[in-house]
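Notes follow the structure.
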Amino acid sequence: MDKIEITGGKSLTGKIRISGSKNSALPILAASLLTEEKISVSNIPNLSDIFSMLDLLKSLNVKIKKSKDKIDLTSSTPRSLLAHYDLVRKMRASFLILGPLLARYGEAKVSLPGGCAIGNRPVNLHLEGLEKMGVNFKIEDGYVTGFIDGRLKGATINLNKISVGATENLIMAATLAEGRTIITNAAQEPEISDLSKFLIRMGAHIKGFGTKKILIDGVKKLKSCSYEIMPDRIESGTYILCVFGCGGMVKLENVNNEICNHLIKIFRQLKSLQLKKIDNGKNLLIKKNKKKVELSLIVRTKEYPGFPTDLQAQLTSSLLKTKGRSEIIENIFENRFMHIGELIRMGANIKQIGSKVIVKKCKKLRGAEVMATDLRASSCLVIAALMADGKTTINRVYHLDRGYENLEKKLKKCGAQIKRMKS
Ligand code: EPZ
């Protein structure tokens, strides 16, 4: 297993090109199952989660042709409508093929994704919504098998908990259903808007995406289209927190106006951090003032447009050398604190009480041998390592490779002392 070695203590200066969004690309790739016509998608990041999704689609008879910066997908009737456990276990977003398969073929057998490091991650909202659209489910041997005789039926579905994945699965299913589907208490993440815009380009009739109420009028068929994936807002936020933690000035390239506005809003309490939109929001300038400030923040993670749970760990590590006492409360997942123990081993002055983490300025943040446990925890360890004195070795960086394209190259170009040790 590869490791990453970082010698900390340097500020970051330069520019970083933001990759396409993993959490937009995954549902959009799954949506290729909704038509037998060719789909061309560009700005897809080179990430292991993307490769896992492509492997799963290939197993479902989707022809995939990769060229330099785009992927063509053509989905023909698969020999079997099964998504196997070892594919789904590796990457939970594989569960997003359920809605498209049921909409296109009226049946599907998908392994239950099971839990992961950050929580038990149930899928009840996906299944309850699809049942309202007429699907009969049977759950046995760790698989969920869904069946409907004929087309899915439009339905009014209220999600009793906001869920990104359930909203995405139900939108995709509803595009080919008979009649109108209304989803209320829907997730509003920009990645859902990106998926909706892609589906509309395929000929779907969708209104209200990006709000809590989404209306989809089903059509008989969807067609070929080309689409460019939106930039990754979590990757962008992670690099902003690298600069906040280490100091310096970095230009993020290839973002967009909505992402800039969102990031400026969620980071506005970080007083010593200057974020400036340039080139109409295509680029974002990040500058950390040298002046030492004292901060006492209270940050609660929330569904979009609140502070993203996917930046919670990175915010924690970026505050480790800041004077003051901050509280970060995780409201989305039940166990997203696996990074705390590793940070304490580096000398961090943090304490977890239930779903709250209290962060104070530590005496000295020292490099150490640490272990990544999940995707965002691993990027939080990178930030801590960049800030620490001495050398840090991060083990199990396969977690990092799931969601950050060329991280060490991007940081090295900004002056970080970072290298990957191939195992
Ligand atoms: C998506 O996961 C993202 N993944 C996650 O990013 C992100 O953390 C999460 O949304 C929240 O923003 C992708 O987009 C591929 P949810 P998802 O359904 O869809 C509960 C990353 O780091 N829930 O919005 O799985 C669930 O347990 C990843 O890139 C139910 O109870 O998240 C959680 O507490 C990690 N029943 C809450 O809802 C359900 O049927 C939010 O989960 C579904 C979810």
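Residue numbers 5 to 427, in my numbering, belong to the letters of the sequence shown in order.
Beta carbons are placed, not taken as given, at the ideal position from N, Cα and C, and that holds for glycine.
Everything numeric in this text was worked out from a predicted model, so none of it was measured.
field: C120 - partner residues in DSSP beta bridges
entry: Position 116 of the sequence shown, counted from the first residue, corresponds to residue 120. G123, per the DSSP bridge assignment.
- request: Decide yes or no for the touch test of the stretch 388-399 against the stretch 328-338: beta carbon pairs closer than 8 Å, at least 3 of them.
  value: Contact between the stretch 388-399 and the stretch 328-338 is absent: fewer than three C-beta pairs spanning the two stretches fall below 8 Å.
field: Identity of the residues DSSP links to K74 by a beta bridge
entry: Reading the sequence shown from its first residue, position 70 is the one you call residue 74. DSSP lists S46 as partners of K74.
message: With a threshold of 7 Å on Cβ separation, who are the neighbours of E298 within its own chain once the five nearest residues in sequence on each side are excluded?
response: The count along the sequence shown starts at 1 and reaches residue 298 at position 294. Close CB contacts of E298 within its chain, under the 7 Å cut and outside five residues either way in sequence, are with K327 and G328 (chain order).
task: Pick out whichever of D73, G169 and N164 has its Cα sitting closest to the Cα of P117.
output: As a first step, residue 117 is located in the sequence shown; it is residue number 113 there, counting from the start. Ranking the options by Cα distance to P117, first place goes to G169.
message: Spatial neighbours of L30 within its chain, please: C-beta separation below 7 Å, excluding the five flanking residues on both sides.
response: By one-based count along the sequence shown, residue 30 stands at place 26. Taken in chain order, the residues that qualify are D53, M57, A97 and L100.
message: With three or more beta-carbon pairs closer than 8 Å as the criterion, would you say the stretch 256-264 touches the stretch 15-22?
response: Output reads yes: the stretch 15-22 touches the stretch 256-264.
- prompt: Between R340 and Q316, is the Cβ-Cβ spacing less than 8 Å?
  reply: Residue numbering aside, residue 340 sits at position 336 when the sequence shown is read from its first letter. Residue numbering aside, residue 316 sits at position 312 when the sequence shown is read from its first letter. Yes.
query: Under the rule that 16 or more other beta-carbon atoms within 10 Å means buried, what is Y402, buried or exposed?
result: Translated into the one-based positions of the sequence shown, residue 402 becomes position 398. Residue burial is scored here from C-beta neighbours: Y402 has fewer than 16 other C-beta atoms within 10 angstroms and is therefore classed as exposed.
query: Using the beta-carbon count (16 or more within 10 Å), is D145 buried or exposed?
result: Counting from one through the sequence shown, the residue named residue 145 turns up at place 141. That one is exposed.
- prompt: Which word fits T160, buried or exposed, when buried means at least 16 other C-beta atoms lie within 10 angstroms of its C-beta?
  reply: Along the sequence shown, one-based indexing puts residue 160 at 156. Residue burial annotation: T160 is exposed, with fewer than 16 other C-beta atoms found within 10 angstroms of its C-beta.
field: Whole beta strand (DSSP E) elements within the stretch 339-395, 3-residue minimum
entry: Runs of beta strand (DSSP E) with 3 or more residues, each lying fully within the stretch 339-395, are found at 353-357, 360-364 and 373-375, listed in chain order.
query: Buried or exposed: which applies to S321, given that a residue is buried once 16 or more other Cβ atoms fall within 10 Å of its Cβ?
result: Walking along the sequence shown from the start, residue 321 turns up at place 317. It is buried - the Cβ of S321 has at least 16 other Cβ atoms within 10 Å.
message: By DSSP's criteria, F141 is part of a beta bridge. Which residues make up the other side?
response: Within the sequence shown, the letter at position 137 stands for residue 141. Paired residue(s): G150.
message: Which residue wins for smallest C-alpha separation from S28, given the options I187, V66, F213 and I233?
response: Residue numbering aside, residue 28 sits at position 24 when the sequence shown is read from its first letter. Nearest C-alpha to S28: I233.
message: On the DSSP bridge list, what partners appear for V303?
response: Numbered from its first residue, the sequence shown carries residue 303 at position 299. Bridge partners of V303: I332.
- prompt: Where L279 and L385 are concerned, what is the direct C-alpha to C-alpha distance, given to the nearest angstrom?
  reply: Here residue 279 refers to the residue found at position 275 when the sequence shown is read from its first residue. Here residue 385 refers to the residue found at position 381 when the sequence shown is read from its first residue. One alpha carbon belongs to L279, the other to L385, and they sit about 23 Å apart.
query: Just checking my contact of L134 with K113 at CB under 8 Å: how many whole Å lie between their CB atoms?
result: Locating residue 134 in the sequence shown gives position 130, where the first residue counts as 1. Locating residue 113 in the sequence shown gives position 109, where the first residue counts as 1. Not quite, the Cβ-Cβ distance comes to about 14 Å (not below 8 Å), so this is no contact.
- request: Put I166 into one of helix, strand or coil per three-state DSSP.
  value: Against the sequence shown, residue 166 aligns to sequence position 162. DSSP places I166 in coil when its eight states are reduced to three.
query: How many Å lie between G183 and S115 at the Cα?
result: On the sequence shown, position 179 is the one that residue 183 refers to. On the sequence shown, position 111 is the one that residue 115 refers to. About 29 Å.
- request: Using DSSP bridges, identify the partner residues of D221.
  value: For this step, residue 221 is matched to residue 217 along the sequence shown. DSSP output for D221 lists R184 and H209 as bridge partner(s).
task: Provide the residue span of the beta strand (DSSP E) that contains K423, from first to last.
output: The residue given as residue 423 occupies position 419 in the sequence shown. Counting along the chain, the unbroken beta strand (DSSP E) around K423 starts and ends at Q421 to M425.
query: What three-state label does DSSP hand F311 in the structure shown?
result: Translated into the one-based positions of the sequence shown, residue 311 becomes position 307. Looking at F311 - three-state DSSP - the assignment turns out to be strand.
message: Going by C-alpha to C-alpha distance, which of K157, K414, M375 and A376 sits closest to A177?
response: Here residue 177 refers to the residue found at position 173 when the sequence shown is read from its first residue. Here the closest residue by C-alpha is K157.
message: Please state the DSSP three-state secondary structure of Q192.
response: Against the sequence shown, residue 192 aligns to sequence position 188. Collapsing the DSSP output to three states places Q192 in coil.
- prompt: If you run the structure through DSSP and keep just helix, strand and coil, what is Q278?
  reply: To locate residue 278, count along the sequence shown from 1; it is residue 274. Q278: strand per DSSP, three-state reduction.
- request: Look up C418 in the DSSP assignment and say whether it is helix, strand or coil.
  value: As a working mapping, residue 418 is identified with position 414 in the sequence shown. The answer is coil: DSSP assigns C418 none of H, G, I, E or B.
- prompt: With distances taken between CB atoms, is the gap from I68 to L61 smaller than 8 Å?
  reply: In the sequence shown, the residue the question calls residue 68 occupies position 64. In the sequence shown, the residue the question calls residue 61 occupies position 57. Between I68 and L61, the CB-CB gap stays under 8 Å.
field: Helix, strand or coil at G249 [DSSP, three-state]
entry: Position 245 of the sequence shown, counted from the first residue, corresponds to residue 249. The answer is helix: DSSP assigns G249 an H, G or I state.
- request: List the DSSP bridge partners of K201.
  value: Sequence index remark: in the sequence shown, residue 201 carries index 197 (1-based). Note: K201 sits in no beta bridge, so no partner.
message: What would DSSP say about G241, mapped onto helix, strand or coil?
response: Here residue 241 corresponds to residue number 237 of the sequence shown, with the count starting at 1. Reduced to three states, the DSSP call for G241 is helix.
task: Return the chain-ordered list of same chain residues with a C-beta closer than 6 Å to the C-beta of F141, the five sequence neighbours on each side being excluded.
output: In the sequence shown, the residue the question calls residue 141 occupies position 137. Taken in chain order, the residues that qualify are L131, V148 and G150.
message: Does the distance between the C-beta of T313 and the nearest non-hydrogen atom of the ligand EPZ fall short of 7 Å?
response: Here residue 313 refers to the residue found at position 309 when the sequence shown is read from its first residue. With a cut-off of 7 Å, the C-beta of T313 is classified as near the ligand EPZ, since at least one heavy atom of the ligand falls inside that distance.
Contacts around P486, its chain only, beta-carbon distance under 6 Å, and the 5 residues preceding and following it disregarded: Since the first residue of the chain shown is 5 and the last is 427, residue 486 is not available in this structure.
query: Do K365 and G351 have their C-beta atoms closer together than 8 Å?
result: Residue numbering aside, residue 365 sits at position 361 when the sequence shown is read from its first letter. Residue numbering aside, residue 351 sits at position 347 when the sequence shown is read from its first letter. No, they are not a contact pair.
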